[in-house]
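Novice: In my numbering, the protein residues as written are 2 to 257.
We treat Cβ as the ideally placed atom computed from N, Cα and C, and that holds for glycine.
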Amino acid sequence: MSDAVARAPVNERAANATRPERSPAGDRTGGAPPLEARGLHRTYSGLAGPELHILRGVDFTLDWGEAVAIVGASGSGKSTLLHLLGALDRPSAGSVRVGGTDIATLSDEAAAELRNKRIGFVFQFHHLLRDFTALENVMVPALIRGDGPKAAKSRAAGLLDQVGLGARLGHKPRELSGGEQQRVAVARSLVNEPHILLADEPTGDLDTSTSRDVQDLLFEMRERHGVALAVVTHNRELAAKAERVLRLREGVLDNV
Ligand SMILES: Nc1ncnc2c1ncn2[C@@H]1O[C@H](COP(=O)(O)OP(=O)(O)OP(=O)(O)O)[C@@H](O)[C@H]1O
Ligand SMILES: [Mg+2]
């Protein structure tokens, strides 16, 4: 994406976004998929018990613009895997490549920068900053990236409008419903126009009807922004909306 495009207003870029092939031979990824993991292992050393070997050789590729659901029993390691895929944690063995870049080759600071630019996160509990308004919460990743406040504000406002919260810009999280808070989190995840959206139980804390609204929103945003989506969920309805469903069991990922 050219810098001029990166600075264009969200609506304009959304109109240009194409799925499933936003990619880009000429993009800075050199033709690599947005996300690729090979032979991932993650062990936790138990201070008070035996070592836990949670991931035992996970291979995973996320292609441009596709939506993949990851299911599995509680405790099977889904969140552990998503943290590794999002460069929030480092594997005990194996590799994660984001747009062709092996995150093992990056310092913590460089990994954080890559995460900020390429990856959006939506968690079960939205993790919004409680003293910041909806608008400010959505602006934060853009400001961290180094955007000027004016550009960040206009993009954040555009995104909040897209998620149906154009009339709630000045509300703090406690002045928003659970579904609205999750909508703010979705807007925030997209503000830097990431290639990848990682969602961990994004509807886990919502009632059935609000859950459906947030599911629809995620897929609408995927479509509109051409972002590739990997979503961890226990919700069958949500999983069924993805093009592929993978199950994590006994430390490995298999097609369902
Ligand atoms: N930081 C940690 N230190 C030690 N053990 C951990 C740590 N994080 C997770 N675990 C253990 O790893 C296993 C997998 O945890 P994880 O959170 O990835 O499961 P999950 O599949 O996301 O479950 P859920 O569906 O309940 O969210 C669990 O048994 C958990 O206790
Ligand atoms: Mg989890």
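(1) Can you find at least 3 beta carbon pairs, one from the stretch 68-84 and one from the stretch 232-241, that sit closer than 8 Å?
(2) By the DSSP assignment, the beta strand (DSSP E) with ALA188 in it spans what residues?
(3) Secondary structure at GLY205, three-state DSSP: helix, strand or coil?
(4) Could you say which of PRO34, SER75 and LYS79 lies nearest to ASP103 if we only look at CA atoms?
(5) Just to confirm the assignment, what range does the beta strand (DSSP E) spanning ASP148 have?
(6) Have a look at LEU130 and ASN138 and give me their C-alpha separation to the nearest angstrom.
(7) Please find out if some non-hydrogen atom of ligand 2 comes closer than 7 Å to the beta-carbon of ASP90.
(8) Please report how far the alpha carbon of ARG57 lies from the alpha carbon of ARG98, in whole angstroms.
(9) ASP258: buried (16+ other C-beta within 10 angstroms of its C-beta) or exposed?
(10) Any idea if ARG250 is buried or exposed, counting beta-carbon neighbours within 10 angstroms, 16 or more meaning buried?
(11) At 3 residues or longer, and completely inside the stretch 93-125: list those beta strand (DSSP E) runs for me, N to C.
(12) What does DSSP give as the partner residue(s) for GLU37 in the beta ladder?
(13) If we count Cβ pairs, one from each stretch, closer than 8 Å, do we get three or more for the stretch 112-119 versus the stretch 82-94?
(14) Taking 7 Å as the cut-off, is the C-beta of GLU202 nearer than that to any heavy atom in ligand 2?
(15) How would you label ASN193, buried or exposed, when you count the other beta carbons within 10 angstroms and need 16 or more for buried?
(16) CB ILE197 to CB ARG245, shorter than 8 Å?
(17) Smallest Cα separation from VAL232: which of HIS226, ARG225 and ALA240?
(18) Would a C-beta distance cut-off of 8 Å place VAL228 and VAL187 closer than the cut-off?
(19) For ALA243, does the three-state DSSP call read helix, strand or coil?
(20) Among residues of its own chain, excluding the 5 on either side of LEU266, which ones have a beta-carbon nearer than 7 Å to its beta-carbon?
(21) Quick one: give me the first and last residue of the alpha helix (DSSP H) that LEU83 is part of.
(22) GLY165 and ARG184 - do their beta-carbons sit closer together than 8 Å?
(23) Can you grab the Cα-Cα spacing for the pair THR81 / SER210, in whole Å?
(24) Taking all protein chains shown into account, do 16 or more other C-beta atoms lie within 10 angstroms of the C-beta of VAL257, making it buried, or fewer, making it exposed?
(25) Could you please give the first and the last residue of the uninterrupted beta strand (DSSP E) stretch that includes LEU48?
(26) Based on the DSSP secondary-structure assignment, which residues constitute the bridge partners of ARG250?
(27) Going by the beta-carbon positions, is the gap between LEU177 and ALA135 smaller than 8 Å?
Specialist: Looking at the coordinates:
(1) yes
(2) Where ALA188 is concerned, there is no enclosing beta strand (DSSP E), although the alpha helix (DSSP H) it sits in stretches over 179-191.
(3) coil
(4) PRO34
(5) Note, ASP148: premise wrong, no beta strand (DSSP E); not H, not E.
(6) 6 Å
(7) no
(8) 18 Å
(9) Not covered by the structure: residue 258. The range shown for the chain is 2 to 257.
(10) exposed
(11) 94-99 and 120-123
(12) THR62 and ARG98
(13) yes
(14) yes
(15) buried
(16) no
(17) ALA240
(18) no
(19) coil
(20) This structure does not reach residue 266, given that the chain is present from 2 up to 257, and the question cannot be answered.
(21) 79-86
(22) yes
(23) 28 Å
(24) exposed
(25) Unbroken run through LEU48: none, as it is neither H nor E.
(26) VAL253
(27) yes
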